[in-house]
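Report on one structure; see the data block that follows.
There are 4 protein chains.
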Amino acid sequence: MLATAVGRPRDAEIDAAVLRTTVDLLETTGYLQLTIAKIAARAGTTKPAIYRRWPTKAHLVHEAVFPAQDFEDLPEGRDLRADVRTLVALGVQLLARPAARAALPGLLAESAADGALAAEVLGQAAGGTFEWLQGRLDAGIAAGNVRPDVTTAAVFELVAGAAFVATATRPADAIDERWIDQMVDLIVRGIAP
Amino acid sequence: MLATAVGRPRDAEIDAAVLRTTVDLLETTGYLQLTIAKIAARAGTTKPAIYRRWPTKAHLVHEAVFPAQDFEDLPEGRDLRADVRTLVALGVQLLARPAARAALPGLLAESAADGALAAEVLGQAAGGTFEWLQGRLDAGIAAGNVRPDVTTAAVFELVAGAAFVATATRPADAIDERWIDQMVDLIVRGIAP
Amino acid sequence: MLATAVGRPRDAEIDAAVLRTTVDLLETTGYLQLTIAKIAARAGTTKPAIYRRWPTKAHLVHEAVFPAQDFEDLPEGRDLRADVRTLVALGVQLLARPAARAALPGLLAESAADGALAAEVLGQAAGGTFEWLQGRLDAGIAAGNVRPDVTTAAVFELVAGAAFVATATRPADAIDERWIDQMVDLIVRGIAP
Amino acid sequence: MLATAVGRPRDAEIDAAVLRTTVDLLETTGYLQLTIAKIAARAGTTKPAIYRRWPTKAHLVHEAVFPAQDFEDLPEGRDLRADVRTLVALGVQLLARPAARAALPGLLAESAADGALAAEVLGQAAGGTFEWLQGRLDAGIAAGNVRPDVTTAAVFELVAGAAFVATATRPADAIDERWIDQMVDLIVRGIAP
DNA sequence: TGATAAGCGAGACGGTACGTCCGGTCTTGAG
DNA sequence: CTCAAGACCGGACGTACCGTCTCGCTTATCA
Numbered sequence: 001m002l003a004t005a006v007g008r009p010r011d012a013e014i015d016a017a018v019l020r021t022t023v024d025l026l027e028t029t030g031y032l033q034l035t036i037a038k039i040a041a042r043a044g045t046t047k048p049a050i051y052r053r054w055p056t057k058a059h060l061v062h063e064a065v066f067p068a069q070d071f072e073d074l075p076e077g078r079d080l081r082a083d084v085r086t087l088v089a090l091g092v093q094l095l096a097r098p099a100a101r102a103a104l105p106g107l108l109a110e111s112a113a114d115g116a117l118a119a120e121v122l123g124q125a126a127g128g129t130f131e132w133l134q135g136r137l138d139a140g141i142a143a144g145n146v147r148p149d150v151t152t153a154a155v156f157e158l159v160a161g162a163a164f165v166a167t168a169t170r171p172a173d174a175i176d177e178r179w180i181d182q183m184v185d186l187i188v189r190g191i192a193p
Numbered sequence: 194m195l196a197t198a199v200g201r202p203r204d205a206e207i208d209a210a211v212l213r214t215t216v217d218l219l220e221t222t223g224y225l226q227l228t229i230a231k232i233a234a235r236a237g238t239t240k241p242a243i244y245r246r247w248p249t250k251a252h253l254v255h256e257a258v259f260p261a262q263d264f265e266d267l268p269e270g271r272d273l274r275a276d277v278r279t280l281v282a283l284g285v286q287l288l289a290r291p292a293a294r295a296a297l298p299g300l301l302a303e304s305a306a307d308g309a310l311a312a313e314v315l316g317q318a319a320g321g322t323f324e325w326l327q328g329r330l331d332a333g334i335a336a337g338n339v340r341p342d343v344t345t346a347a348v349f350e351l352v353a354g355a356a357f358v359a360t361a362t363r364p365a366d367a368i369d370e371r372w373i374d375q376m377v378d379l380i381v382r383g384i385a386p
Numbered sequence: 387m388l389a390t391a392v393g394r395p396r397d398a399e400i401d402a403a404v405l406r407t408t409v410d411l412l413e414t415t416g417y418l419q420l421t422i423a424k425i426a427a428r429a430g431t432t433k434p435a436i437y438r439r440w441p442t443k444a445h446l447v448h449e450a451v452f453p454a455q456d457f458e459d460l461p462e463g464r465d466l467r468a469d470v471r472t473l474v475a476l477g478v479q480l481l482a483r484p485a486a487r488a489a490l491p492g493l494l495a496e497s498a499a500d501g502a503l504a505a506e507v508l509g510q511a512a513g514g515t516f517e518w519l520q521g522r523l524d525a526g527i528a529a530g531n532v533r534p535d536v537t538t539a540a541v542f543e544l545v546a547g548a549a550f551v552a553t554a555t556r557p558a559d560a561i562d563e564r565w566i567d568q569m570v571d572l573i574v575r576g577i578a579p
Numbered sequence: 580m581l582a583t584a585v586g587r588p589r590d591a592e593i594d595a596a597v598l599r600t601t602v603d604l605l606e607t608t609g610y611l612q613l614t615i616a617k618i619a620a621r622a623g624t625t626k627p628a629i630y631r632r633w634p635t636k637a638h639l640v641h642e643a644v645f646p647a648q649d650f651e652d653l654p655e656g657r658d659l660r661a662d663v664r665t666l667v668a669l670g671v672q673l674l675a676r677p678a679a680r681a682a683l684p685g686l687l688a689e690s691a692a693d694g695a696l697a698a699e700v701l702g703q704a705a706g707g708t709f710e711w712l713q714g715r716l717d718a719g720i721a722a723g724n725v726r727p728d729v730t731t732a733a734v735f736e737l738v739a740g741a742a743f744v745a746t747a748t749r750p751a752d753a754i755d756e757r758w759i760d761q762m763v764d765l766i767v768r769g770i771a772p
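Here it is as structure tokens:
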């Protein structure tokens with residue numbers, strides 16, 4: 001995505017309009033019914049303009065629904081329960097948005113056949129989060145709040161998985177504070193010595 | 194799929210060949226690249242023969258990858274740990290097969306836009322399993338091994354979610370007995386009083 | 387088409403109803419749009435009952451539109467002009483009926499790929515007619531009204547061809563007595579010494 | 580078939596390959612067995628590419644077998660016999676080719692149900708030819724070689740019809756110079772005063 | 001300042017896959 | 001062996017849409 005020096009520069013308006021439209025249409029029509037042509041028409045541009053920016057629908061949707069900055073602002077660690085709560089809340093916040101609910105299964109389906117895409121999608125989610133969780137759990141072990149044989153991957157799978165299944169099976173308003181509290185409770189007790 | 198008395202009966206060979214081919218192609222090409230035309234060609238039959246049996250690709254894949262009988266043989270309850278282990282193992286056994294890994298995100302993506310399909314897919318998984326789990330947890334509560342405020346749905350989400358995320362992110366051989374033991378440990382401790 | 391002695395005898399009503407319906411539908415929908423299924427439905431019977439009697443649509447149409455007896459009643463020869471007129475009138479009578487106009491190109495198209503059918507269709511038309519014409523021309527030669535080098539085939543081609551092209555290109559009511567007279571005039575002069 | 584300024588231009592190779600393949604397959608399989616799918620496969624292209632160019636099989640066959648330019652080069656009139664011979668030879672030349680023998684009944688059958696197609700098919704044949712014949716006959720009348728009451732349509736029907744029936748019933752090699760001479764003789768005498 | 005290069009809207013193209021129609025066959029149960 | 005009823009198989013249909021390409025124009029940088 002490096003800007004070449006020569007030639008007409010890309011119109012940043014188009015980037016913004018396309019990303020915005022993609023989210024809108026995702027919520028309306030779902031991932032599979034979403035087409036580049038529809039996005040182009042609704043964003044007031046053309047298919048080639050979109051294909052110039054994103055190689056596939058999956059890349060576009062990924063960028064539109066899970067912008068990179070969403071994964072960057074994890075707070076400093078406090079006590080264990082608060083940290084777990086932060087993680088569960090992050091998972092819910094990321095996955096429960098309508099656009100995310102619509103996009104994720106589609107992205108996963110595409111990832112199944114495209115390793116590079118899978119790496120990109122998962123890499124981003126895991127990226128900072130995984131290390132952050134590892135740090136929190138290590139601190140917990142040191143403080144005696146977490147069993148030493150608990151692996152970061154297992155906790156990550158529990159948290160992410162529960163959030164994913166909940167968003168896939170529950171109505172949106174059934175994933176609330178009480179749901180989060182319940183999950184936090186289960187996780188914190190599960191990893192306790 | 195009720196047999197009508199009148200008219201030429203269906204060729205059972207075709208049913209079998211199509212289901213077999215569907216699983217094969219899923220593992221090879223993935224859900225999105227899978228097409229009815231390819232299945233028909235490889236199974237030695239034609240598209241109409243397939244459309245006569247299954248209304249959409251999703252229905253066919255569902256039946257091919259998650260046949261109904263897979264969900265029917267949950268054993269009698271024993272002690273709590275064994276029961277949780279049964280559930281986790283069932284989740285892994287169902288989701289870790291290559292065809293299932295390829296099929297599930299696709300089915301979820303289709304379900305997002307087709308409520309009836311969602312009900313079918315989830316209904317089957319939840320069908321017996323949910324009630325069975327509820328019974329086991331109630332028994333656990335009665336025996337004092339489970340906190341009374343633990344909900345079946347939450348446990349179900351943890352187990353199914355962990356299995357799903359693990360199959361989506363780990364290599365197949367990294368989901369072994371040790372992984373299961375670890376999950377069972379986390380869950381059992383999480384729900385204990 | 388020999389009736390076998392054993393078993394239930396065929397229902398002659400069905401033969402008649404199908405032939406009648408075939409002519410009706412030919413005039414309405416044309417040869418290519420005509421289907422065995424439509425004929426069966428309208429004749430109040432079923433496809434298998436029709437296929438039991440006629441191997442193809444072409445055979446059925448042939449029998450329905452050009453029954454064998456139509457070609458059998460050529461009158462005794464009189465004078466040459468009258469004989470030519472008989473032939474031209476026969477051609478017009480056979481080809482100008484709506485069902486025949488609709489059927490003939492279709493039958494010819496099928497005949498192009500099916501030699502046996504071609505022999506049947508042409509054989510019937512040529513059958514008695516060709517010999518009859520040959521006799522009349524021979525008599526004309528003997529009487530000095532026809533050049534000896536005129537071949538029967540050429541005259542046959544002129545008469546049949548003119549009738550065919552006229553039915554294919556003219557409206558039905560433009561093929562009248564005056565048209566016949568004109569053609570007879572051209573032919574009689576053409577073959578005269 | 581007007582070239583639009585905008586959009587990707589058509590691949591002329593495909594036009595040529597499809598027309599060539601259509602003629603080949605017509606000679607091999609006949610009109611009714613000819614399918615767009617087979618043509619596409621054999622021409623190395625696809626059905627939509629064909630449907631973009633020709634709305635129906637009939638239009639494609641028409642253009643492939645009777646290209647427009649075939650009807651454009653009628654020579655200046657000379658004496659009557661030579662002119663009639665020109666017309667008969669043109670008829671034979673157009674209709675006796677294997678592809679034309681296979682195509683014509685099919686085109687006529689389709690024309691029976693599609694007036695617009697009929698106008699196109701007949702219009703092309705009649706187009707220049709009819710006027711040309713009219714001019715020649717008028718000249719013949721003026722020169723005293725043709726009866727004034729001879730109509731152009733009747734002569735046209737005789738010539739076209741004879742050529743058509745001959746190609747439909749005779750083997751290809753039986754329509755030779757001698758056949759043409761015989762027909763010319765019959766026609767010229769038929770229209771003479 | 002002019003040449004070069006890339007982006008843009010417009011829109012048709014090539015080709016994959018779709019879901020359907022229907023032609024001809026087969027099965028059942030009764031006559 | 002026929003009949004009515006009806007489903008089945010498979011060839012072909014005509015269409016939707018994806019991603020690419022071409023055009024004529026615009027907008028920037030580089031020589």
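Going line by line, the protein sequences match chains A, B, C and D.
Start counting the first sequence at 1; every next residue gets the next number (the numbering used here).
Start counting the second sequence at 194; every next residue gets the next number (the numbering used here).
Start counting the third sequence at 387; every next residue gets the next number (the numbering used here).
Start counting the fourth sequence at 580; every next residue gets the next number (the numbering used here).
A virtual CB, placed ideally from N, CA and C, is assigned to each residue, including glycine.
Those runs of the alpha helix (DSSP H) which lie wholly inside the region 53 to 137 of chain A and span at least 4 residues:
57 to 65, 80 to 95, 98 to 113
Tell me whether Gly-541 of chain D is buried or exposed, calling it buried when 16 or more other Cβ atoms sit within 10 Å of its Cβ.
Outside the modelled stretch of chain D, which goes from 580 to 772, sits residue 541 of chain D, for which no answer is possible.
Excluding five sequence neighbours on each side, which residues of the same chain lie with their C-beta closer than 8 Å to the C-beta of Val-146 of chain A?
The count along the first sequence starts at 1 and reaches residue 146 of chain A at position 146. Correct list, in chain order: Leu-80, Leu-137, Gly-140, Ile-191, Ala-192, Pro-193.
Contact the region 476 to 490 of chain C vs the region 662 to 675 of chain D: 3+ CB pairs below 8 Å:
no
Write down the C-beta distance between Pro-495 of chain C and Leu-611 of chain D rounded to the nearest angstrom, noting that I regard them as a contact closer than 8 Å.
Indexing the third sequence from 1 puts residue 495 of chain C at position 109. Indexing the fourth sequence from 1 puts residue 611 of chain D at position 32. The sequence given here places Ala at residue 495 of chain C; Pro does not occur at that position. Contact flag correct, Cβ pair sits at about 5 Å.
Would Gly-320 of chain B count as contacting chain A if we go by Cβ distances under 9 Å?
Your numbering for residue 320 of chain B matches position 127 in the second sequence. No, Gly-320 of chain B does not count as interfacial toward chain A.
Using a Cβ cut-off of 9 Å (strictly closer), state whether Gly-308 of chain B contacts chain A.
Start at 1 with the first residue of the second sequence, and residue 308 of chain B comes out as number 115. Output row for Gly-308 of chain B: interface = no.
List, in chain order, every chain B residue whose beta-carbon is nearer than 7 Å to that of Pro-105 of chain A.
Counting from one through the first sequence, the residue named residue 105 of chain A turns up at place 105. Under the 7 Å cutoff, chain B gives Pro-298, Leu-301, Ala-302, Ala-305.
Between which two residues does the alpha helix (DSSP H) holding Val-211 of chain B run?
Position 18 of the second sequence holds residue 211 of chain B. It spans 205 to 222 - the alpha helix (DSSP H) in which Val-211 of chain B sits, taken as one unbroken run.
Between Gly-354 of chain B and chain A, is the shortest Cβ-Cβ distance under 9 Å, so that the two count as touching?
Walking along the second sequence from the start, residue 354 of chain B turns up at place 161. Chain A contact via Cβ: present.
Interface residues of chain C around Ile-770 of chain D at Cβ under 9 Å?
Locating residue 770 of chain D in the fourth sequence gives position 191, where the first residue counts as 1. By Cβ distance, chain C contributes Leu-572, Arg-575, Gly-576.
With a threshold of 9 Å between beta-carbons, can Gly-556 of chain C be considered close to chain D, or not?
Here residue 556 of chain C corresponds to residue number 170 of the third sequence, with the count starting at 1. Sequence check: residue 556 of chain C is Arg here, not Gly. So yes, Arg-556 of chain C belongs to the interface.
Please name the residue in D:Val-734, D:Pro-654, D:Ala-622 whose C-alpha comes closest to that of Met-762 of chain D.
By one-based count along the fourth sequence, residue 762 of chain D stands at place 183. That would be D:Val-734, whose Cα lies nearest to the Cα of Met-762 of chain D.
Whole-number beta carbon distance between Val-61 of chain A and Ala-163 of chain A, since they are thought to touch under 8 Å
Against the first sequence, residue 163 of chain A aligns to sequence position 163. Against the first sequence, residue 61 of chain A aligns to sequence position 61. Actually they do not touch by this definition, with Cβ atoms about 19 Å apart.
Report yes or no: do three or more beta-carbon pairs, one from the region 160 to 177 of chain A and one from the region 355 to 371 of chain B, lie closer than 8 Å?
yes
Pick from A:Glu-76, A:Val-18, A:Leu-107 that is closest to Lys-38 of chain A, judged by C-alpha positions
Residue 38 of chain A sits at position 38 when you count from the first residue of the first sequence. The candidate whose alpha carbon is nearest that of Lys-38 of chain A is A:Val-18.
Measuring CA to CA, which of C:Ala-398, C:Val-451, C:Leu-411, C:Gly-416 is closest to Ser-690 of chain D?
Taking the first residue of the fourth sequence as position 1, residue 690 of chain D is located at position 111. The shortest Cα separation from Ser-690 of chain D among C:Ala-398, C:Val-451, C:Leu-411, C:Gly-416 belongs to C:Gly-416.
Are three or more beta carbon pairs between the region 588 to 605 of chain D and the region 618 to 635 of chain D nearer than 8 Å?
yes
Are Arg-768 of chain D and Trp-758 of chain D closer than 9 Å when you measure CB to CB?
The residue labelled residue 768 of chain D in the question sits at position 189 within the fourth sequence. The residue labelled residue 758 of chain D in the question sits at position 179 within the fourth sequence. In this structure, Trp-758 of chain D does not lie closer than 9 Å to Arg-768 of chain D by Cβ.
Members of the region 212 to 224 of chain B near chain A, C-beta cut-off 9 Å:
Thr-222, Gly-223, Tyr-224
Is there at least one Cβ from chain D nearer than 9 Å to Trp-440 of chain C's Cβ?
Here residue 440 of chain C is taken as the residue at index 54 of the third sequence, counted from 1. Closer than 9 Å: no.
Interface residues of chain B around Ala-89 of chain A at Cβ under 7 Å?
What you label residue 89 of chain A is simply residue 89 of the first sequence in a count that begins at 1. Within 7 Å Cβ-Cβ: nothing; Ala-89 of chain A doesn't reach chain B, min ~16 Å.
Can you check whether the CB of Val-258 of chain B is closer than 9 Å to the CB of Ala-296 of chain B?
Within the second sequence, numbered from 1, the residue matching residue 296 of chain B stands at position 103. Within the second sequence, numbered from 1, the residue matching residue 258 of chain B stands at position 65. In this structure, Val-258 of chain B lies closer than 9 Å to Ala-296 of chain B by Cβ.
Alpha carbon of Trp-132 of chain A to alpha carbon of Ala-361 of chain B, nearest angstrom
Against the first sequence, residue 132 of chain A aligns to sequence position 132. Against the second sequence, residue 361 of chain B aligns to sequence position 168. If I take the Cα positions, the gap works out to 21 Å.
Kindly indicate the opening and closing residues of the alpha helix (DSSP H) around Gln-568 of chain C.
Counting from 1 along the third sequence, the entry for residue 568 of chain C is found at position 182. Counting along the chain, the alpha helix (DSSP H) containing Gln-568 of chain C begins and ends at 563 to 577.
Simplified DSSP state of Glu-543 of chain C, which is helix, strand or coil:
Here residue 543 of chain C is taken as the residue at index 157 of the third sequence, counted from 1. Of the three classes helix, strand and coil, the one that applies to Glu-543 of chain C here is helix, per DSSP.
Please compile the residues from chain C whose C-beta is within a distance smaller than 7 Å of the C-beta of Phe-709 of chain D.
Here residue 709 of chain D refers to the residue found at position 130 of the fourth sequence. None at all; the shortest Cβ gap to chain C is about 11 Å.
Would you mind working out which of C:Ala-454, C:Thr-472, C:Pro-453 sits nearest Glu-462 of chain C, comparing C-alpha positions?
On the third sequence, residue 462 of chain C is found 76 positions in, with the first residue counted as 1. The candidate whose alpha carbon is nearest that of Glu-462 of chain C is C:Thr-472.
Alpha-carbon spacing of Val-84 of chain A relative to Asp-173 of chain A, whole angstroms
On the first sequence, position 84 is the one that residue 84 of chain A refers to. On the first sequence, position 173 is the one that residue 173 of chain A refers to. Going by the C-alpha atoms only, they are around 21 Å apart.
Run through DSSP, which three-state label would Arg-363 of chain B get?
Within the second sequence, numbered from 1, the residue matching residue 363 of chain B stands at position 170. Correct three-state label for Arg-363 of chain B: coil.
So Leu-154 of chain B packs on Gly-321 of chain B, CB below 8 Å; how close in whole Å?
The first residue shown for chain B is 194 and the last is 386, placing residue 154 of chain B beyond what the model contains.
Output yes or no for whether 9 Å exceeds the beta carbon distance between Arg-52 of chain A and Arg-78 of chain A.
Working through the first sequence from its first residue, we reach residue 52 of chain A at position 52. Working through the first sequence from its first residue, we reach residue 78 of chain A at position 78. Contact: no.
What do you get for Val-585 of chain D, buried or exposed, if any count of 16 or more other CB atoms within 10 angstroms of its CB means buried?
As a position in the fourth sequence, residue 585 of chain D is number 6, starting the count at 1. Exposed is the call here.
Taking the CB atoms as reference points, tell me whether Thr-731 of chain D and Phe-709 of chain D lie closer together than 9 Å.
Stepping through the fourth sequence from its first residue, residue 731 of chain D is reached at position 152. Stepping through the fourth sequence from its first residue, residue 709 of chain D is reached at position 130. The answer is yes: Cβ separation under 9 Å.
So Gln-510 of chain C and Ala-454 of chain C are supposed to be a Cβ contact under 8 Å. How far apart are they, rounded?
As a position in the third sequence, residue 510 of chain C is number 124, starting the count at 1. As a position in the third sequence, residue 454 of chain C is number 68, starting the count at 1. So it is a contact: roughly 7 Å between Cβ atoms.
For a cutoff of 9 Å on Cβ pairs, would you count Thr-624 of chain D as touching chain C?
In the fourth sequence, residue 624 of chain D corresponds to position 45, counting from 1. So no, Thr-624 of chain D is outside the interface.
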